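Sequence positions in the sequence shown follow the working numbering and run 209 to 327. Glycine residues also receive a C-beta, built at the ideal position from the N, C-alpha and C atoms. Note that the structure is a prediction, hence the values are computed from the model and not measured. A quick write-up on the structure given underneath.
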Amino acid sequence: MQKLTNKEEEIMHVLWKLEKAFVKDVLAEIKDDKPHYNTLSTIIRNLEEKGYVSYNAYGKTHQYYPIISKEAYKKRFMNTAIENYFNNSYKNVVSFFAKEEKISVDELKEIIALIENKS
């Protein structure tokens, strides 16, 4: 799975949300920093070349849809981030969020309960 640019990732989030979309539909969903129609069309074709989307052709127009699920992408993205930034340690990930005060004691207790109940 090739790495996506920030704009490609933004477009994928739109496609995951819409499930199937023409370029004009994707463009309508982008709120900030809207690219030109032709630029967006090129980005979506790049996503196709990278193996993230496919399309159904209707005459000269294409309806695009994701072929990589959001869950599969999230798993790959998280695994890569944990490997590159946290020495492949989930303990380091949780410690980071605790130090940054991004996770509460109650949330940590929920995580512990999930782990204990999985066994």
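Could you compute how far the alpha carbon of residue i sits from the alpha carbon of residue j?
i, j, result
"ARG253", "GLU318", "42 Å"
"LYS242", "TYR263", "22 Å"
"LEU322", "LYS310", "19 Å"
"GLU291", "LYS211", "15 Å"
"TYR266", "PHE304", "49 Å"
"ASP314", "ILE320", "10 Å"
"GLU217", "THR250", "14 Å"
"ASN246", "ASN325", "51 Å"
"GLU308", "LEU316", "14 Å"
"ALA289", "LYS239", "27 Å"
"HIS244", "LYS215", "13 Å"
"SER277", "TYR298", "23 Å"
Secondary structure at residue i, three-state DSSP: helix, strand or coil?
i, result
"TYR260", "coil"
"THR213", "coil"
Return the chain-ordered list of same chain residues with a C-beta closer than 7 Å to the C-beta of residue i, the five sequence neighbours on each side being excluded.
i, result
"VAL261", "LEU223, ILE252, LEU255, TYR272, TYR273, PRO274, ILE275"
"THR269", "PHE230"
Less than 7 Å between the beta carbons of residue i and residue j, yes or no?
i, j, result
"LEU226", "LEU235", "no"
"ASN300", "PHE294", "yes"
"MET220", "ARG284", "no"
Starting from residue i, trace the beta strand (DSSP E) in both directions and tell me its first and last residue.
i, result
"HIS270", "269–274"
The alpha helix (DSSP H) spanning residue i covers which residue range?
i, result
"ILE319", "313–326"
"LYS283", "278–293"
"SER303", "298–307"
"ALA236", "231–237"
Between residue i and the rest of its own chain, which residues show a CB-CB distance below 8 Å, the 5 nearest in sequence each way excluded?
i, result
"ASP233", "LEU226"
"VAL302", "ILE311, LEU316, ILE319"
"GLU279", "none"
Note down, in chain order, each residue of its chain lying with its Cβ closer than 6 Å to the Cβ of residue i, except the 5 sequence neighbours on either side.
i, result
"LYS228", "GLN271, TYR273"
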